[in-house]
Every structure is written in structure tokens, then in C-alpha cells.
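Residue numbers (the working numbering): 62 to 454.
Built from N, CA and C at the ideal position, the CB exists for glycine as well.
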Amino acid sequence: MRPRLASTATCRAGGLFAAEICRRSGETREIVDPELTYRLGSSLQSLLALGDHDWTLEEVRYAANSPTTAGLYRVRFGDKSLFVKVLRSYRLWPQLALLPAEFQTLAVRGDLWRYEADVYIDGLTYSLPTGLRLPELYGVDLLDDDHLVMVMEDVRTTESAWDRERYGAAAQLLGRLNVRLTRNDTLPAAIDRTPGRFTSMMVSGFVEQFALPPLLDPTTWEHPLLAGSNLRHDLEELASRIPQVLQELAGRPHLMSHGDACPQNLLIPTDASDTFVGIDWSPGGMVAAGDDLGQLLIGRAHSGELTVAELAELRELLIDRYHAGLVSEGCSNITTDDVRTGLDSALMLRSAFASLPLNRMAEPMTEELEQLVGQRLELTRYLVELGTVSLGR
């Protein structure tokens, strides 16, 4: 039986620094390829042995923050549901040319596009600390040479608040996770193991080719919502010191990472609300210890759920709890100063140059846009000042 196709709410899908290119360029995905949907339906019927049972395939519309996400769906049959994600090859991503040549070669030639599926297939045996798990994987099918479908647990989540204790628990688990991933070398083979390579590619790709040009363009700051800000020159000064940041990071300890450990990717399951389900794993590779904390801290600030004052207050807590996680795994050679440098550098390189919603500045002036720009100006100011202080330590 062919499935009925419905639509449902918008959600986020992201990962890797290419996600920032999608987000900043305003790329969204609401229309599904009918041929892909038909092949997906046939694959699901076979994978799940649905036979003649009545079932519904719902499209989950989303902001296209990932170059390898071809579609998100939910399969419903009876009172049950499963989550479905279709991955696509980097070769099919229209904005591939925006990535650095080094990454293009790596992405197109290998299996990096199916990285997330390989994480779930492997299960990261012995590397996940108690309190963090993966969603259950029920099936994987290669639709063609460029598309892969994953059928996963539809995690029921709680609305519990992200308070200090939850942030602290997440930071401590990330510290433990980073050590375990590195010690066991359990991430998929497609990931690069060279310390700092991901960070340098992110800078040469997203930061230098995409984020900085509009920020350094004087006409950008003529917009009425930006004209009163004195951020432009401070951003220019911070950008000129990026080589210094990379040099500092090169001398710091590196660990394997989740790659996009924002709160939106650390689900809180209803049946175990003191734990997390880690999703949307991104091929970040070996990054400076503390790097994963950057996304943990900035995620809800970008969504407007965390104020700058709250972010600043949480920062030291995350550093201490992450370091406690390292120590609990026997990694006592990494200091809190190492963690602080890794976190602050991640915030600077990944967020300071990407927080202003420049892709929306051509929109008609509204109260919502004015509030958003005001909030992001405050956030960017904090990140610039944090980066400046970090460089002066």
C-alpha cells in the first residue's frame, strides 16, 4: 500500500560548519522531491515489513541547516511512530562550491556524507557515558548511490527547562564523551583524525569566504538597524587576529567531538528526564578540548531562549563541569585554562562572525526583526569582547 503523505511542524536539522552557510544564505526546504518520496515509501514498506497495513508518511518541514539532509519524515501506523531521515551525498548540495577546496575533495570522494548513519550503525560501543545514549536505529537502506534512509526511534521529549543543573550535567557528559571517543577511536573511519584540521577548514571556508565579506562591507552597516552600532571596526580587529587564535589552539590538547552539541541536539526523553539522547552527529574530528561547549552554550542564545547575561553566567559553570568530566575519565593533563581557551575560541570562530541575521536584512522592517537584530547585536558584542579578552590572556 502506498503511504499517505502529510505535513507537520518545522524543526531544525544541522551540523558541520556548512550548516552555517545554509543558515546565513537563507536556504530552506519545504518541497520534497516526489520521486524521492516514492522511493522512500517503497523502502520503508520493505524495511518495516508494513505489508497492507495502513500507515502515513508525514513530511517534517525544516530549515535546511545541513548539506547532507535530503528530508525528514515521521512514519505513523496505529498509535506508533518512527522518525525517518534521508541523507544525501555532498555532490548534490547546490552550495558545495562555497566550501574550501580541501573539504570539497574530502566530502565528494569518500563516505563523509553518510557519517551520521555510520555513527548510529556502530553505536559508539563503550564510548557513551552513562546518561547519554543514541536514538534506537531500526533500519538503514541505500536508496541509490547518493541517498540513504535511516529509520530511528521517534524520541518522546519532555519540556523540562534547561536550567543550571541540566547545562552542567550536559557539559560533564560532553567532557566524558570527548575523552572516551578519543581513547577508543570509535568515530566512523570517514572522519579526519588530524588535530585542528576541521577548525582550520572552517576558518578558510565558512569564516573567510562567507561570513567575513558581508561583515567587512561598509554598506552592510548602513542598514537602519545596524547603523548605530560600533561593532564593525571591532569585528574587523577580531578577524585580523584569527591567525593568532589558530596558533594558540595548535598548542592545546585536542579531543574527538560530537561536532554540534547544542541543546537542540541533546534531546531530553520523557521516560528518563535526567539523561540525554544525542542526535545530529557532525564530523568535527579532533578539536581543541572544550570546543563542544561552544555549541552547547550558544544554541539557545541563537534561538532567543537564553539572554546574554544568562550565557555569560553559565560559561564558567560549563568549563568547571566539563573539566570534571575529563578528570572522571582519568584525563588530568587537560587544565581548566585549556578548556576555557577551547570554548572561547569556538565561540569566537563559529559564532562571533555568524550571529547577526544578515540574511534577513532585506526584509521589510517589523517589530520582530528589530527585536531579533537588537538581541543579536548584544550577543555579538559579548562574543567580540570575550574573544578580545581571550586573546589577551
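Inter-residue distance for V264 and G448 is about 15 Å (C-alpha atoms, whole angstroms).
The beta carbons of E163 and M262 sit closer together than 7 Å.
Looking at the backbone, the Cα of V434 and that of A362 are separated by about 13 Å. In the DSSP assignment, F337 forms a beta bridge with L193. In terms of Cα proximity to R411, the closest of D321, R217 and T130 is D321. For D115 and L109, the gap between their C-alpha atoms comes out near 13 Å. Three or more Cβ pairs drawn from the segment 172-190 and the segment 245-259 lie within less than 8 Å of each other, which places the two stretches in contact. For the segment 337-372, the continuous alpha helix (DSSP H) assignments of 4+ residues that do not extend past its boundaries occur at 352-363, in sequence order. A distance below 7 Å separates the beta carbons of H384 and T397. The beta carbon of L419 lies closer than 6 Å to those of P275 in the same chain, with the five residues before and after it left out. As computed with DSSP, P330 is found in a beta bridge with T218. Of E269, Y123 and M211, the smallest CA-CA separation from V136 is found for M211. DSSP places F138 inside the beta strand (DSSP E), whose first and last residues are T130 to F138. Judged by their CB atoms, L404 and V240 are not nearer to each other than the 7 Å cut-off. The segment 192-209 makes no contact with the segment 309-318; the number of CB pairs closer than 8 Å stays below 3. Excluding residues up to 5 positions away in sequence, R237 lie with their Cβ nearer than 7 Å to the Cβ of S389 in the same chain. According to DSSP, S142 shares a beta bridge with R137. With contacts defined by Cβ atoms closer than 7 Å, G360 and L408 do not form a contacting pair.
Looking from the CA of I340, the closest CA among V145, R421 and N394 belongs to V145.
Contact between the segment 321-334 and the segment 290-306 is not established, with fewer than three Cβ pairs separated by less than 8 Å.
Non-local C-beta neighbours of A231 in its own chain, meaning closer than 7 Å and more than five positions away in sequence, comprise L327, F337 and L357, ordered along the chain.
When secondary structure is reduced to three states using DSSP, R149 falls in the strand class.
Under DSSP, the beta-bridge partners assigned to G200 are V212.
In this structure, D172 sits away from A272, with a CB-CB distance that is not shorter than 7 Å. Taking all protein chains in view, the Cβ of D179 is crowded by 16 or more other Cβ atoms within 10 Å, so the residue is classified as buried. In this structure, the alpha-carbon of S406 lies about 9 Å from that of G351. Around the beta carbon of S301, fewer than 16 other beta carbons lie within 10 angstroms, which makes this residue exposed.
Between Y228 and L375, the gap from beta carbon to beta carbon is short of 7 Å. Residue environment for I182: exposed (fewer than 16 other C-beta atoms within 10 angstroms of its C-beta).
Sixteen is the threshold: when 16 or more other Cβ atoms of the shown chains lie within 10 Å of the Cβ of R437, as they do, the residue is buried. In the DSSP assignment, H294 falls within the alpha helix (DSSP H) that extends over L292 to S301. Collapsing the DSSP output to three states places M422 in coil.
Between L101 and V147, the beta carbon gap of about 6 Å places them in contact (Cβ cut-off 8 Å). Going by C-alpha positions, E309 is about 11 Å away from G453.
If you ignore the 5 residues before and after E431, its C-beta comes within less than 8 Å of the C-beta of L286, all in its own chain and listed in chain order.
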